[in-house]
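With the working numbering, you'll find the sequence shown wraps up at 154, consecutive numbering, no jumps.
Built from N, CA and C at the ideal position, the CB exists for glycine as well.
One structure is given below, encoded as structure tokens.
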Amino acid sequence: MTYTLDTNILINMERRYPREFFNSLWDSMEAAVVSGDICMCEVAQKELDLGDDDLPAWVKGIPGFVCKSTDEELATVAAISAAHPDWVQGQKNYADPFVIAHAKADNEIIVTEEGRKGPNTEDKNQKIPNIADEHGVACITFFDLLRAQGWKF
């Protein structure tokens, strides 16, 4: 199985599991990227540029980590935007449709810490798992990824 990361996975790694203390976690992530098991879409990667940490340089320094958007993905993003016009509001959620579209196009599982919202949730409050369900894309959490990869630290 292959996985695409929501930005919150790397942001949380930086905050909760700094490389200084969890070097083997970071090495495992890098190895999974190099082996082609994990990637992130370019729009999600651009969200990292908004931060003031070393994540953007780290991601850009690993070949194959960032995948370019394709026409197929852009068509899915357009479909998501048409079905959920109030979901993306300025900077809020702007990469989320691209994460879903990328995972759908490459038959990947999304790794995100976002939880599902209940039925009848307004578009502006939707989360990746809700919209991913509509497109047949599975979502798992960071710890689910660790289990799937067999990583133990």
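Can you tell which of the options has the C-alpha that lies nearest to the C-alpha of residue i?
i: Ala33; options: Val100, Asn108, Lys118, Thr5; result: Thr5
i: Leu56; options: Val35, Glu31, Ser36, Lys69; result: Glu31
i: Met2; options: Glu21, Glu109, Pro130, Tyr95; result: Glu109
If you reduce the DSSP assignment to three classes, tell me which class residue i lands in.
i: Val112; result: strand
i: Val100; result: helix
i: Gln90; result: strand
i: Thr77; result: helix
i: Thr3; result: coil
Report the rounded CA-to-CA distance for residue i versus residue j, giving the unit in angstroms.
i: Trp152; j: Leu26; result: 8 Å
i: Thr71; j: Ala104; result: 12 Å
i: Leu147; j: His85; result: 31 Å
i: Cys168; j: Gly119; result: What the structure shows of the chain is the stretch from 2 to 154, and residue 168 is not part of that stretch, so it cannot be assessed.
i: Phe154; j: Asp7; result: 22 Å
i: Ser36; j: Gln90; result: 35 Å
i: Glu135; j: Ile111; result: 14 Å
i: Trp88; j: Ala133; result: 13 Å
Assuming the contact rule is C-beta atoms closer than 8 Å, residue i and residue j should be a hit. Round their C-beta distance to whole Å, please.
i: Phe143; j: Ile10; result: 5 Å
Any beta carbon of chain C sitting closer than 8 Å to that of residue i?
i: Lys105; result: No chain C is present in this structure, which holds just one protein chain.
Complete runs of the beta strand (DSSP E) confined to the segment 29-62 [at least 3 residues]:
39-42
Continuous alpha helix (DSSP H) assignments of at least 4 residues falling wholly in the segment 117-152
129-135, 143-150
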